[in-house]
Amino acid sequence: MNTQHNRTAIVTGASRGIGAAIARRLASDGFAVIVNYAGSAGAAEKLVHEIETAGGRAITAQADVSDADAVARMFNAAEAIFGGVDVLVNNAGIMKLAPIGDSDDALFDSQIAINLKGTFNALREAARRLRDGGRIVNFSTSIVGLRLENYGVYAATKAAVETLTAILSKELRGRSITVNAVAPGPTATALFLDGKSPELIERMAKMNPLERLGMPEDIAAAVAFLASPDGGWINGQVLRANGGMI
Ligand code: NAP
């Protein structure tokens with residue numbers, strides 16, 4: 001259903017995983033999509049080709065979200081090519097797990113740089129530049145509610161993202177821009193699957209009463225709702241998309 005003609009969406013971390021599913025979904029809903037990536041140029045270009053072949057509009061944009069200048073350049077490119085930005089999906093993120101006692105500085109600094117500063121860098125540009133009526137969707141995690149061992153630093157970066165979400169939703173008063181966060185549960189992407197045994201994956205998949213892992217498309221559907229006219233009355237909220245795990 002193409003309801004979003006002439007609207008543009010930036011999706012950070014869209015080369016793979018949940019971000020790629022969001023880019024596909026928003027493009028099929030009619031958005032022109034900026035497929036942001038850090039290192040996976042080939043995957044991002046392949047996705048843009050796929051979107052164009054299906055009749056959609058998309059471009060790639062390399063930018064490490066932890067680099068504020070690179071994020072500003074990505075917004076410049078979106079404005080130059082598509083005339084403005086209406087939707088920001090702050091999806092790029094990394095996850096490194098360890099007990100707090102075993103966490104080194106690199107584990108802490110990299111997650112702060114990408115998950116928190118990266119989200120902030122794009123939020124700052126969006127606060128300045130998003131067209132009235134726009135939408136911002138940040139990415140948290142249901143682990144903020146579950147508070148599992150080993151997730152301390154990762155969950156802390158996402159709890160901070162939830163706080164930025166609520167406060168920015170108020171700061172954008174008067175511009176008809178909504179700011180929300182989606183907080184997935186375990187979802188079948190490299191971020192979740194890599195380094196876990198089949199038994200652990202199975203156990204975590206069964207933590208929700210629907211008894212399966214989330215798929216990237218499940219999360220993309222929640223984002224598409226928040227970005228759509230139907231989602232327009234939801235503002236400043238965290239939507240846990242996890243099959244009922246918490
Ligand atoms: P993923 O499969 O590992 O994909 C991560 C994406 O982020 C890739 O496209 C990657 O691009 C990009 N990225 C990483 N660092 C970046 C940087 N510095 N600048 C720009 N892009 C960067 O992860 P995912 O599972 O789809 O996760 C997406 C979001 O959902 C994350 O915020 C994550 O915390 C959240 N989440 C995931 C789960 C889950 O179970 N999967 C659960 C809860 C929340 P390159 O390939 O170019 O590096």
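Mapping the sequence shown onto UniProt numbering, position 162 (from 1) lands on 162, and the numbers just tick up by one.
All C-beta atoms in this analysis are idealised placements derived from N, C-alpha and C, irrespective of residue type, glycine included.
Values in this document were obtained by computation on a predicted structure and should not be read as measured data.
Within 9 angstroms, strictly: CB atoms of Ile18 and Thr189: yes
Looking at ligand 1, does it come within less than 8 angstroms of Asn180, judged from the CB to the closest heavy atom? no
How long is the line joining the alpha carbons of Arg203 and Met74, rounded to whole angstroms? 40 angstroms
How would you call Ile81, buried or exposed, if buried means at least 16 neighbouring beta carbons within 10 angstroms? exposed
Let me check one thing: in DSSP terms, what residues is Arg240 bridge-paired to? Arg240 has Ala183 as its beta-bridge partners, per DSSP.
In chain order, what residues of the same chain lie with their CB nearer than 7 angstroms to the CB of Phe192, ignoring the 5 residues before and after it? Pro186
Can at least three beta-carbon pairs, one atom from the segment 26-35 and one from the segment 97-113, be found at a separation below 8 angstroms? no
Could you have a look at Gly214 and say whether DSSP puts it in helix, strand or coil? In this structure, Gly214 counts as strand in the three-state DSSP scheme.
Three-state secondary structure assigned by DSSP to residue 248: For the chain, the structure presents residues 1 to 246; residue 248 sits outside this window and is missing.
Could you tell me if residue 316 is buried or exposed, where buried requires 16 or more neighbouring beta carbons within 10 angstroms of its beta carbon? The question about residue 316 has no answer, for the chain in this structure spans 1 to 246.
So is the beta-carbon of Asn150 under 8 angstroms away from any non-hydrogen atom of ligand 1? no
CB-CB under 8 angstroms to Val161, same chain, minus the five flanking residues each way: which ones, in chain order? Asn90, Asn115, Leu116, Thr119, Asn138, Phe139, Ser140, Ala181
Closer than 8 angstroms: Gly214 CB and nearest ligand 1 heavy atom: yes
With burial defined as no fewer than 16 other Cβ atoms inside 10 Å of the residue's Cβ, what is the status of Ala9: buried or exposed? buried
4-residue-minimum alpha helix (DSSP H) runs that sit fully inside the segment 107-178, ordered along the chain: Runs found: 118-129, 143-146, 152-171.
Roughly how many whole angstroms lie between the Cα atoms of Thr60 and Ala156? 30 angstroms
In its own chain, which residues sit with a C-beta less than 7 angstroms from the C-beta of Gly84, not counting the 5 before and 5 after it? Thr8, Arg131
Cut-off 7 angstroms between Cβ atoms - residues of its own chain near Ala122, not counting five sequence neighbours on either side: Thr12, Val65, Val71, Leu88, Asn90
Could you check the C-alpha separation between Val153 and Phe108 for me, to the nearest Å? 6 angstroms
Please report how far the alpha carbon of Leu226 lies from the alpha carbon of Gln237, in whole angstroms. Computed Cα separation, rounded: 10 angstroms.
Proximity test, Met245 beta-carbon vs ligand 1 heavy atom, cut-off 8 angstroms: Answer for Met245: no, Cβ out of range of ligand 1.
Sequence-distant residues of its chain with Cβ nearer than 6 angstroms to Ala241 (five each side left out): Val182, Pro184, Ile219, Ala222
Just curious, the alpha helix (DSSP H) that Ile201 is in, first and last residue? 198-205
Considering only C-alpha positions, which residue in the set Ser15, Arg16, Ser28, Ala23 is nearest to His5? That would be Ser28, whose Cα lies nearest to the Cα of His5.
At a cut-off of 8 angstroms, would you count residue 248 as near ligand 1, judging by its Cβ distance to the nearest heavy atom? As displayed, the chain neither begins before 1 nor continues past 246, which places residue 248 out of reach and without an answer.
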